[in-house]
Every structure is written in C-alpha cells, then in structure tokens.
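One structure below.
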Amino acid sequence: MSQPPEPATAHRPVLVVDFGAQYAQLIARRVREANVYSEIVPHTASVEDLLAKDPAAIILSGGPSSVYATGAPFVGPELFEAGVPVLGICYGFQAMAQALGGTVAQTGQREYGGTAVEVTEAGTVLDGSPEQQTVWMSHGDAVHAAPPGFEVLATSAGSPVAAFEDPERRLYGVQWHPEVKHSPLGQKALENFLYRGAGLTPDWNAGNVVAEQVERIRAQVGDARVICGLSGGVDSSVAAALVQRAVGDQLTCVFVDHGLLRAGEAEQVEQDFVAATGVQLKVVDARERFLHALHGVSDPETKRKIIGREFIRVFEDAAREVVEDAGAHGETVRFLVQGTLYPDVVESGGGEGAANIKSHHNVGGLPDDLQFELVEPLRTLFKDEVRAVGLELGVPEGIVWRQPFPGPGLGIRIVGAVTAERLETLRAADAIAREELTRAGLDREIWQCPVVLLADVRSVGVQGDGRTYGHPIVLRPVSSEDAMTADWTRLPYDVLQVISTRITNEVPEVNRVVLDVTSKPPGTIEWE
Ligand SMILES: Nc1ncnc2c1ncn2[C@@H]1O[C@H](COP(=O)(O)OP(=O)(O)OP(=O)(O)O)[C@@H](O)[C@H]1O
Ligand SMILES: O=c1[nH]c(=O)c2[nH+]cn([C@@H]3O[C@H](COP(=O)(O)O)[C@@H](O)[C@H]3O)c2[nH]1
Ligand SMILES: NC(=O)CC[C@H](N)C(=O)O
Ligand SMILES: [Mg+2]
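By the working numbering, the letter at position 436 of the sequence shown is numbered 447, and the numbering carries on one by one without gaps.
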C-alpha cells in the first residue's frame with residue numbers, strides 16, 4: 012500500500028521530539044498557533060532521521076523518565092552540533108543539559124503545578140517576562156549545573172537551573188511547560204524561541220495550506236482520475252474541495268450508505284455539498300453488504316477492521332463504475348482521496364510510535380491489499396485547522412461547523428453485535444437527542460454527542476404499570492479542541508430531561524437513559 016510522500020507541506024517543519032510526554036500534541040499545536048508548521052516525531056528517531064526532515068527547529072518534549080536512569084531515552088550530543096535551533100522542555104531540557112556536560116539529579120523537592128520562578132536574566136526565550144512569574148511545573152529531577160557555555164536565566168525553589176540558553180549555538184531550555192495554558196507567559200516563550208531564537212517567520216496559515224496542497228495534489232495525481240470518499244462531514248468535504256480545486260472534474264466523490272448512518276444523512280450530502288460545489292457524486296447503497304459482513308461481530312477492533320475493509324471494497328467497485336460511466340474501458344482509478352486528519356493517524360498508532368488506541372477505519376482499518384494510492388491532504392492537520400482551510404476554500408459554513416461523525420458510524424455505537432433492529436433503535440434515539448440539542452442552541456457548544464446503545468445490557472423498568480426489560484441509551488456529550496483530549500459537557504438538566512423523557516417514551520426498546528461523565532483520558536469519545 013502506498014502512502015503520500017511526507018512531509019505534506021512545503022514549509023520546513025519544527026519537529027517536536029516526543030519523549031512520552033503528556034503534552035507533545037499540545038506543543039505542536041502551540042507552535043502552529045504561532046503560525047509555524049510543526050510535526051511530532053518519536054524519540055526513537057535517530058539524529059539522522061530528524062535531520063533528514065530538514066527541520067527549521069527542534070523542540071524536545073517532556074517525558075516520564077529520568078535522564079540518569081538506565082534505558083532512559085537519550086539525546087546524542089551530535090543533535091546539538093547540527094546548527095539547528097533546539098528548545099528543551101522539562102525532560103528535553105534535562106536531556107540537553109546532560110548531553111552537553113551539565114548535571115541533572117533528583118532534587119528531593121518535586122514541583123507539580125503552579126510554581127514561582129525568579130527570572131535572573133531574560134535572554135532570548137524569556138524576553139518580556141517579569142522577574143517573578145508563575146509557571147506550570149511537573150518534575151522531580153532538576154538541572155543542578157548548566158553545561159559550559161550556557162547562561163542560567165531562571166531559578167525556582169526546586170530547580171537551581173530552571174531555564175538556560177546558549178544563543179551562539181541557538182540552544183535553549185526551560186524546566187517548566189510553556190505549552191500549557193497554566194503557564195501564562197508560555198506562548199510568549201515559545202514564540203520567542205521560534206521567531207527570535209530560531210529566526211522563523213510566522214507564515215503558515217490556512218491560505219498557504221490551500222496553495223501548497225493544491226500544488227502537491229496536482230503533482231501527485233497528474234491527469235489521472237480520482238475518487239474521494241465523501242461522508243458529508245467536515246474532513247472529507249474539505250479534502251474534496253481541495254482536490255476539486257486542484258484537478259477539477261477528474262474527481263468523482265463516492266458516498267457510501269453503509270446502513271450505519273444517522274437519520275437523514277444521505278440526503279444531506281446531496282443537498283449541502285453537491286449543491287454548493289457541483290462536484291460529481293456517486294451514491295452507493297451498501298447497506299446489505301455491511302450488515303452481512305458485521306453479522307455476529309461484537310469485538311470493537313474486529314468491527315473497525317471489517318468496516319475499513321468493506322469501505323475499500325465498495326470504493327473499488329465504485330472506481331470501476333466511474334471508469335465505465337466515462338466510457339474509458341481498460342483504465343483504472345489509481346487515487347483515493349480520504350479526509351484523514353492527524354489525530355486519526357496518531358490514535359491508530361500509525362504516527363509517532365504511539366499506542367494503538369483504536370483503529371480508525373480510514374487508517375488502521377485499511378486492508379493490506381489496498382490497490383489505491385492515497386491522497387490525504389489533511390493528514391497532518393487538526394480539526395480546527397481543517398475548518399479554517401474549509402472557510403478559506405468557501406466550503407459552506409453549515410458543513411464547516413458540522414459536528415464530527417465517525418466513518419464506522421452507528422456500528423461502533425452499538426455495544427454488542429450490529430443488527431438491523433438495533434440500528435433502528437439507535438437511529439431513533441440519536442435523532443431525538445440531536446433534535447433537542449439543536450433546539451436548545453447547543454450545537455456549537457458541544458464538540459459532538461455520541462448516542463450509544465448498550466445492546467448487550469438490559470435493565471428492569473416500569474412503563475404503563477408493566478414491567479419492561481429494555482436497553483440503556485448513553486448520552487456522551489463532549490467538549491474538545493481537537494478530539495485528542497475532551498471533557499464531558501455540562502448540559503443543562505432541563506435539556507437532558509427532555510431528551511430522556513422523549514427517548515424512553517418514543518423508542519420502545521429503551522427504558523433507561525444515562526449520561527457519560529468521563530473525560531478523555533481516561534475514556535475515549537466513542538465507546539468502541
Ligand atoms: N459514508 C461514507 N462514505 C464515503 N466515505 C466516507 C464515509 N464515511 C467516512 N468516509 C471517509 O472516511 C474519512 C474519515 O471519516 P471521518 O468521519 O473522520 O471524516 P469526515 O466524515 O469527513 O468528517 P467528520 O470528522 O467531520 O465526520 C472521510 O474523510 C471519508 O473520506
Ligand atoms: O472517521 C472516523 N473513523 C473512525 O474509525 C473513528 N473512530 C473515532 N472517530 C472520531 O474521532 C474522534 C476521537 O474519537 P475517540 O476519542 O473515540 O478516539 C471522535 O470525533 C470520533 O467520533 C472516528 N472517525
Ligand atoms: N515532565 C517531565 O518531563 C518530567 C521529567 C522527569 N521525569 C522529572 O521528573 O523531572
Ligand atoms: Mg465523519
């Protein structure tokens with residue numbers, strides 16, 4: 012199976028080397044918020060691998076290890092000799108200190124949370140910082156002596172050296188976490204590093220993502236025919252709009268009705284996207300096929316793999332039809348466009364040596380014998396960035412602000428095996444929840460609200476003076492910035508009450524509605 016060439020942008024990346032940090036993702040986001048392109052790489056990448064990406068700068072993240080422990084991730088001193096500006100954060104700061112001849116030891120005074128630091132010398136990174144400031148710390152080790160050539164910029168009670176720099180070699184480090192909002196001057200420190208330390212220009216934005224991707228798609232596709240899996244969701248709509256801008260009517264979009272959709276979804280794609288863009292659309296009714304393939308399967312990963320595989324088989328059939336329709340016998344469609352985003356890649360464990368949390372159907376769920384070459388212009392972007400690109404392209408706001416809905420659809424919202432009856436039940440409950448949330452004006456406030464049917468669970472109820480033994484429905488409203496982390500949304504009680512009453516009244520198989528009050532982590536957004 013072939014992947015698009017990396018990196019997906021003409022901008023030289025700022026590489027965030029992930030030492031197992033809680034916040035590697037956040038660091039990359041903050042760099043992008045500073046209008047500088049950034050990517051995450053695992054700490055297992057060699058210095059050679061890192062330099063092969065031609066980085067504009069490197070940021071070493073925090074991590075759970077102690078630099079002096081055996082087997083701790085290690086940074087070779089040669090990284091600091093390559094002339095690339097480097098910022099070390101927490102573990103990365105300690106690793107830099109150790110590699111260059113400073114000393115790192117356990118302090119016995121751990122610092123967690125808001126911590127006072129004294130800035131003795133602002134230097135480059137702390138320029139604009141007051142002498143006393145509060146930063147967010149999370150460490151038990153500390154740099155006791157800075158390496159030769161470095162100037163100490165700050166100290167705290169538990170960190171004799173809390174920040175240092177060697178502007179000659181363009182090497183910088185802070186013990187705290189500038190990437191978290193609890194470090195009020197954190198973004199400023201990151202920007203000082205990027206703009207002044209590394210001399211970068213803040214010129215990465217939605218506008219040039221469009222220009223770069225259009226050029227890149229043209230180079231990849233040439234004058235070949237392309238199909239795009241279009242769900243009507245934000246990601247595939249923006250991906251399709253980009254490809255349409257790049258290669259016009261070489262593109263045919265394929266909407267798969269796999270029977271795992273919510274009420275009214277198929278119609279919406281036609282109404283909104285096709286009407287707005289005039290794109291060529293093929294709608295495939297694959298309901299029987301998916302239901303058959305999922306028969307009796309309740310394991311979430313197996314479901315995801317089956318759905319991923321069936322999607323591709325449907326795309327293959329559709330591709331043949333596109334060729335037939337065009338009267339181009341003998342030709343094949345080589346390219347498949349997908350609206351894959353960065354979090355899909357990271358969560359599928361396909362990205363940065365991260366654990367496989369779940370196989371997103373469009374990444375980890377793809378079959379091994381995939382014949383298409385993938386075109387994934389959004390593969391390195393977060394959702395809010397995709398929305399900005401969508402607005403830039405003139406994709407209708409109703410689509411740009413649509414809440415995410417996973418490709419495997421209701422299939423991963425039925426805990427238990429998928430059947431036509433269970434889908435009917437869930438579809439009815441979901442339609443009620445969505446209607447009431449919209450009525451209450453809460454659509455923009457919540458990121459998404461999965462409605463989940465616990466098909467393998469039953470509980471006793473009393474309805475109309477009779478005993479019922481029905482299934483629970485779970486409401487999972489979440490707030491999020493990019494789906495990598497999320498909190499449960501505090502919905503007004505009266506809205507919850509209306510939803511609960513309506514679902515239990517109107518959906519016969521359901522006699523209980525429960526609210527999921529789990530953040531991510533530890534829960535994921537979807538139940539499977
Ligand atoms: N029903 C479908 N028909 C065709 N392609 C689909 C369908 N559902 C998902 N896909 C493909 O899988 C990709 C990933 O799905 P995903 O749900 O992450 O994105 P989306 O639906 O485009 O946007 P959103 O995250 O807003 O729902 C889509 O971008 C699209 O290419
Ligand atoms: O297209 C998709 N294919 C998938 O297989 C898939 N799994 C989860 N999601 C969506 O991704 C975001 C994060 O979800 P989780 O917290 O459940 O991992 C949430 O927005 C989920 O709805 C998927 N989208
Ligand atoms: N957050 C971190 O990077 C911690 C680094 C190291 N594990 C310490 O405790 O000091
Ligand atoms: Mg979707």
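The beta carbon of each residue, even a glycine, is placed where N, CA and C say it ideally should be.
| Query | Result |
| --- | --- |
| Option nearest A428 by Cα separation, candidates G418, L305, R390 | L305 |
| Alpha-carbon to alpha-carbon, G87 and Q382 | 40 Å |
| Which of helix, strand or coil DSSP assigns to Q105 | helix |
| Burial state of P24, where buried means 16 or more other Cβ atoms lie within 10 Å | buried |
| Residue nearest to H482 in terms of C-alpha spacing, selected from D467, T496, Q474, V473 | D467 |
| Cut-off 8 Å between Cβ atoms - residues of its own chain near E312, not counting five sequence neighbours on either side | K369, S370 |
| C-beta atoms of V189 and A174 nearer than 7 Å | Before going on, a small fix: residue 189 reads as Pro here, not Val. It is not a contact, given that the beta carbons lie outside the stated cut-off. |
| Cα-Cα separation, S76 to S470 | 46 Å |
| Any non-hydrogen atom of ligand 2 closer than 6 Å to E537 Cβ | yes |
| Three-state secondary structure assigned by DSSP to E520 | coil |
| Beta-carbon proximity of S194 to V245, cut-off 7 Å | no |
| Of the residues L205, A133, S149, R424, the one placed nearest V463, counting alpha carbons only | R424 |
| Local conformation of T430 per DSSP, three classes | coil |
| Distance CB(A235)-CB(K293) smaller than 7 Å | no |
| Nearest to Q291 (by Cα), restricted to the options A80, E435, V265, G125 | V265 |
| Beta-bridge pairing of G31 - partner residues as DSSP gives them | Partner(s): none; G31 has no beta bridge. |
| The stretch 113-130 contacting the stretch 83-102, beta-carbon criterion three pairs below 8 Å | no |
| Backbone secondary structure at V290 - three-state DSSP | coil |
| V295 and V267 closer than 7 Å at C-beta | yes |
| Neighbourhood of V411 by C-beta, 7 Å cutoff - its chain only, sequence neighbours within 5 removed | V245, R398, G401, L402 |
| 6 Å Cβ shell around E539 - same chain, five flanking residues per side excluded | P311, I423 |
| Nearest to P53 (by Cα), restricted to the options S490, I38, G31, P66 | G31 |
| P417 Cβ short of 6 Å to ligand 2 heavy atom set | yes |
| Beta-carbon contacts of I536 that lie in its chain and below 6 Å, excluding the five residues immediately before and after | V489, A497 |
| Residue range of the unbroken beta strand (DSSP E) whose run includes A330 | Careful: A330 lies outside any beta strand (DSSP E), inside the alpha helix (DSSP H) at 311-336. |
| Other residues of its chain near L619: CB distance less than 6 Å, five sequence neighbours each side excluded | Given that the chain is displayed from residue 12 to residue 539, the structure contains no residue 619 and the question cannot be resolved. |
| Cα-Cα separation, V406 to G124 | 42 Å |
| Residue range of the unbroken beta strand (DSSP E) whose run includes Q186 | Careful: Q186 lies outside any beta strand (DSSP E) and carries neither H nor E. |
| Contact test: F383 Cβ vs ligand 1 heavy atom, cutoff 6 Å | no |
| Distance cut-off 6 Å: S242 Cβ against heavy atoms of ligand 4 | yes |
| Proximity of T500 and I443 at Cβ, strictly below 7 Å | no |
| Beta-carbon proximity check, A217 vs V154, cutoff 7 Å | no |
| Buried/exposed call for A67, threshold 16 Cβ in 10 Å | buried |
| Chain-order list of residues whose beta-carbon lies under 7 Å from that of V280 (same chain, five-residue window excluded) | L241, G243, F266 |
| A330 beta carbon near ligand 2 (any heavy atom closer than 6 Å) | no |
| R531 - DSSP class collapsed to helix/strand/coil | Residue identity check: residue 531 is Lys in the sequence provided, not Arg. Residue state, collapsed to three classes: strand. |
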